[in-house]
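Single-structure report; data block below.
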């Protein structure tokens with residue numbers, strides 16, 4: 001994994017991140033294709049969870065999962081009910097997740113967080129991540 005050329009940060013609640021880890025996939029922005037289509041096989045992928053549960057207001061602010069993109073193209077999952085969003089057929093990518101523990105945002109310094117108003121870009125759901133930031137997260141999240 002030291003030969004990464006690109007890395008990404010997806011923004012997903014911790015409960016949805018756990019579902020992704022259990023299923024070995026990621027879907028972003030309520031299953032839209034455009035975000036997952038940007039990923040390439042071998043890209044590093046980290047998940048930042050602003051909250052523990054989707055639509056919950058209490059902040060978590062933790063990195064909750066980490067892995068590598070393991071397929072060549074997005075695929076559509078089976079249709080699923082999304083509450084007030086109706087039924088969707090989400091686009092996903094396979095991710096080989098690493099066994100990691102959570103890392104709180106306050107416990108890591110990243111290039112991503114150095115600029116003013118850095119958190120605003122997280123609203124897009126997927127942002128490019130410096131490879132050095134991915135490696136720092138991997139080092140922090142895979143140690144005991």
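Residue numbers (full-length UniProt numbering): 1 to 144. All residues carry an ideal CB built from backbone N, CA and C; glycine is no exception. Since the structure is predicted, the reported quantities are computational estimates derived from the model, not experimental observations.
- For residue 17, the closest of 6, 43, 5, 50 by C-alpha to C-alpha distance is 50.
- Contact between residue 47 and residue 93 is ruled out by a C-beta separation of about 13 Å, above the 8 Å threshold.
- With 16 or more other Cβ atoms from the protein chains shown falling within 10 Å of its own Cβ, residue 141 counts as buried.
- Pairing residue 13 with residue 53 gives a Cβ-Cβ distance under 8 Å.
- In this structure, the alpha-carbon of residue 128 lies about 29 Å from that of residue 79.
- For residue 22, the secondary structure class from DSSP, reduced to helix, strand or coil, is helix.
- Runs of beta strand (DSSP E) with 3 or more residues, each lying fully within the UniProt domain "EVE" (7–138), are found at 7–11, 44–51, 59–69, 91–97, 126–129, listed in chain order.
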